[in-house]
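A.B. asks:
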Amino acid sequence: MSERKQFRVYVSKDYLKFNAAHFIAYKGFREALHGHNYGVSVQIEGDLGEQGYVLDFSIVKNVAKRVCDRLDERMLLPAQSDCLEIETRGSQVVVRFEDDEFAFPAKDVLLLPLVHTSAEELARYVAGEIRRELERDGIHVAGAIEVGVAETPGQTAYYRDR
1 MSERKQFRVY
11 VSKDYLKFNA
21 AHFIAYKGFR
31 EALHGHNYGV
41 SVQIEGDLGE
51 QGYVLDFSIV
61 KNVAKRVCDR
71 LDERMLLPAQ
81 SDCLEIETRG
91 SQVVVRFEDD
101 EFAFPAKDVL
111 LLPLVHTSAE
121 ELARYVAGEI
131 RRELERDGIH
141 VAGAIEVGVA
151 ETPGQTAYYR
161 DR
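The structure is reproduced here in structure tokens:
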């Protein structure tokens with residue numbers, strides 16, 4: 001039985017980051033509105049291509065930066081929350097949780113297909129967006145993509161697909 005050899009590339013750069021506000025809420029509990037300077041790392045697994053690498057580092061960095069840029073300087077809201085009521089009223093996004101109500105300028109809000117805006121769910125979202133961006137660029141990654149989202153140094157959540 002032959003052993004399958006696998007390669008991976010890993011990218012973690014100072015500019016792979018986004019600054020965003022959020023809060024976690026579930027029935028009976030809501031964090032205070034706060035923000036993080038999130039850091040993102042990306043690992044992609046696969047076989048060596050004809051060029052001698054899994055995927056060019058510059059491609060990984062460019063795609064990850066595009067995804068981070070879309071999240072940067074936004075209020076992140078979980079569109080699939082089971083306890084938040086979110087609606088757009090004109091140029092405002094209004095969020096209700098129990099007795100609290102927030103209104104944010106719609107241009108500053110990013111509604112994400114998540115239940116919570118936790119680092120874990122953000123890592124899954126970013127991994128999916130990186131895969132979609134690569135596919136839009138005509139690059140199919142057969143191996144796993146792993147993304148780390150750090151809320152602060154030393155505090156990182158990881159998601160690995162496949």
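Residue 16 in my numbering is what sits at position 16 of the sequence shown, and the numbering runs on without skipping anything.
Beta carbons: idealized from backbone N, C-alpha and C, even for Gly.
Owing to the predicted nature of the structure, the values given are computational and were not obtained by experimental measurement.
Going straight from the alpha carbon of serine 118 to that of tyrosine 53, what length do you get?
C.D. replies: 33 Å
A.B. asks: Classify alanine 32 as buried or exposed, calling it buried when 16 or more other Cβ atoms lie within 10 Å of its own Cβ.
C.D. replies: Counting the other CB atoms within 10 Å of its CB gives alanine 32 a total below 16, which places it among the exposed residues.
A.B. asks: Excluding the 5 residues preceding and the 5 following serine 246 in the sequence, name in chain order all residues of the same chain whose CB lies nearer than 8 Å to its CB.
C.D. replies: Outside the shown range of the chain (1 to 162) lies residue 246, about which nothing can therefore be said.
A.B. asks: When you compare only the Cα positions, how much space is there between glutamate 135 and aspartate 161?
C.D. replies: 15 Å
A.B. asks: Between valine 173 and isoleucine 130, is the Cβ-Cβ spacing less than 8 Å?
C.D. replies: The structure shown does not extend to residue 173, since the chain is modelled only from 1 to 162, so the question has no answer here.
A.B. asks: Tell me whether glutamate 87 sits in a helix, a strand or coil according to DSSP, three-state version.
C.D. replies: When secondary structure is reduced to three states using DSSP, glutamate 87 falls in the strand class.
A.B. asks: Considering only residues of the same chain and omitting the five flanking positions on each side of lysine 65, which have a CB-CB separation below 7 Å?
C.D. replies: Tyr15, Leu16
A.B. asks: Helix, strand or coil for phenylalanine 23, going by three-state DSSP, please let me know.
C.D. replies: In the structure shown, phenylalanine 23 falls within a coil segment according to DSSP collapsed to helix, strand and coil.
A.B. asks: In chain order, what residues of the same chain have a beta carbon less than 7 Å from the beta carbon of valine 67, not counting five sequence neighbours either side?
C.D. replies: Val126, Glu129, Ile130, Glu133
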